Structure formats: structure tokens, C-alpha cells
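Participant:
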Amino acid sequence: SVLTQPPSVSGAPGQRVTISCTGSSSNIGAGYGVHWYRHLPGKAPKLLIYDKTNRPSGVPDRFSGSKSGTSASLAITGLQAEDEGDYYCQSYDGSLSVWVFGGGTKVTVL
Amino acid sequence: EVQLFESGGGLAQPGGSLRLSCAASGFTFSGYAMAWVRQAPGKGLEWVSVISGSGGTTYYADSVRGRFTISRDNSQSSQNTLYLQMNSLRAEDTAVYYCARLSTMTVAAAFFDYWGQGTLVTVSS
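Protein chains in written order, with the numbering used here: chain A, 1 to 110; chain B, 1001 to 1125.
Below, the structure is given as C-alpha cells:
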């Protein structure tokens, strides 16, 4: 994938976990938006964070996004069992002229 | 409430064709660009194609360009429907195909704000 994410992260209930998303100067580093989604098997993917740090209505403030240089991160604080799922970052790549996703990160609540 | 419902998936032979549909409701369909995104078994999300609100501008991933055609019918009589015509299908096109609404046609900022639940396409002999 053009955007690189760790395959998995895990944490105990109540803990904080972060998911990294590493890109390049043609996507995240070029100033294109960074967005995050959660995907549960058999369900529609859901937008969690858009434009690096913004949450759609209904998304808890336990989810937060940040960006630095060519990378971005999603943080989940106060981890809950319902947070399990696959998380994807997404941006646009100006060199390839395509919308790009990270490979996905599976979040497991221990 | 925004709703997107895909249909048309199924089993196709290599070299065959399928047409996917996505019925949209709950928003002004012609005012938004729409997209198809797929997920192959055990893989992550992959953007496939985007079409502008008017239908006049389209984009394709290299993996499907020349084989897939995105289109849309913005008329009420068609129930505001997005299509994906898939020709010359290959085994690697096997995936769940999702339609999604694009937040804006300004590519620098665009994200997929609403998604359908997907339709499975299997390409196999």
C-alpha cells in the first residue's frame, strides 16, 4: 500500500492505543487530507476522522487524529470492547492521481 | 438519512461481465461525486473509480481502467443510481464492492463520508 500502517495493535480496556499511517511527499506530506475509517466484517466502513483531526457527529471524542510531516496517527483513548475492528487511513496521492488507503490495522481489545 | 444499497454482485467467469448498481437516497444525489471501493478477500480497501455529480468527469484505478466503466443516473425515476459496468473480469477482481459518497470533488480534501454494505463479486471458472 502507498500508505503504511501496522498490521495490528492491541490494548486492555481503558488504555490508549495509537495507529500510525506513514506516507510520502506526494500524499500526506503534500498537504492532502488524511482521513480514518473503521470497518467491521460484513458492515459498511464508517468515517471516524476527516481532515486529520475532525470527527463527524456521533463519533466519540475518544477518537482523535494528528499529522506530522509525511505521517498521521489515530489515537483511541479509554479503549472499549466495541472499538475492535479494522482501521484504515486514506489520503490522495498527487503523483499517482489516485485516492489511496493504508493496508489496515486490526485493533484488538484484550 | 443517507442510504446506499449495492446490488448486482455474483459469480462471473474470467473474461465475463457484471454490472453493479448502487441505489442512493436521503441526499441530493446529483450534488455529490460517488465512488466504488473494493476489498479483496484478506486484503485492505482499494479505490476503484470516481464519478462527478454531473457524470461528466470520471477517474479509474490503473488496475481497472479500460475494463470497468462508472456511470450514474441522476433522475428520480431511476431512484438515483450509481453503476459499475465490469467487463473482461479477472480472478483478481474478486472482492466485495462498496459504493461510497465523496465529500467533495476537490481531490485534495476528498474523503468517503457514507458507504453501502457492499456486494460480493466472485470471478471463477
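Where a beta carbon is used, it is the ideal one built from N, C-alpha and C, also for glycine.
Remember, it's a predicted structure, so these values are computed and weren't measured experimentally.
Inspect the CB distances between the region 1086-1095 of chain B and the region 1064-1076 of chain B and report whether three or more fall short of 8 Å.
Facilitator: Yes, the region 1086-1095 of chain B touches the region 1064-1076 of chain B.
Participant: Report yes if the C-beta distance between G29 (chain A) and T70 (chain A) is below 8 Å; otherwise report no.
Facilitator: For G29 (chain A) and T70 (chain A), yes; Cβs fall inside 8 Å.
Participant: Show which residues of chain B have a CB atom less than 7 Å away from the CB atom of Q90 (chain A).
Facilitator: Those within 7 Å of Q90 (chain A) in chain B are F1111.
Participant: List the residues that DSSP assigns as beta-bridge partners of T1081 (chain B).
Facilitator: Its beta-bridge partners are B:A1023 and B:D1073.
Participant: Check the DSSP bridge columns for Q1003 (chain B) and list the partner residues they point to.
Facilitator: BP columns for Q1003 (chain B) point to B:S1025.
Participant: Beta-carbon of Y50 (chain A) versus every beta-carbon of chain B: anything under 8 Å?
Facilitator: Cβ-Cβ to chain B under 8 Å: yes for Y50 (chain A).
Participant: DSSP state of G33 (chain A), grouped into three classes?
Facilitator: If DSSP states are grouped into helix, strand and coil, G33 (chain A) belongs with coil.
Participant: Could you check how far apart the C-beta atoms of W1036 (chain B) and S1049 (chain B) are, in whole angstroms? I think they sit under 8 Å.
Facilitator: The pair is a contact, with the Cβ atoms about 5 Å apart (cut-off 8 Å).
Participant: Considering Cα atoms alone, identify which of A:T77, A:H35 and A:V59 is closest to V959 (chain B).
Facilitator: Because chain B here runs from 1001 to 1125, residue 959 (chain B) falls outside it and cannot be looked at.
Participant: Which same chain residues end up closer than 8 Å to P45 (chain A) when comparing Cβ atoms and leaving out the 5 residues on each side of it in sequence?
Facilitator: Y37, R38, H39 and Y88, listed in sequence order.
Participant: Please identify the residue among B:V1002, B:G1015, B:S1007 and B:F1029 whose C-alpha is closest to the C-alpha of N1080 (chain B).
Facilitator: With distances taken between Cα atoms, N1080 (chain B) lies closest to B:F1029.
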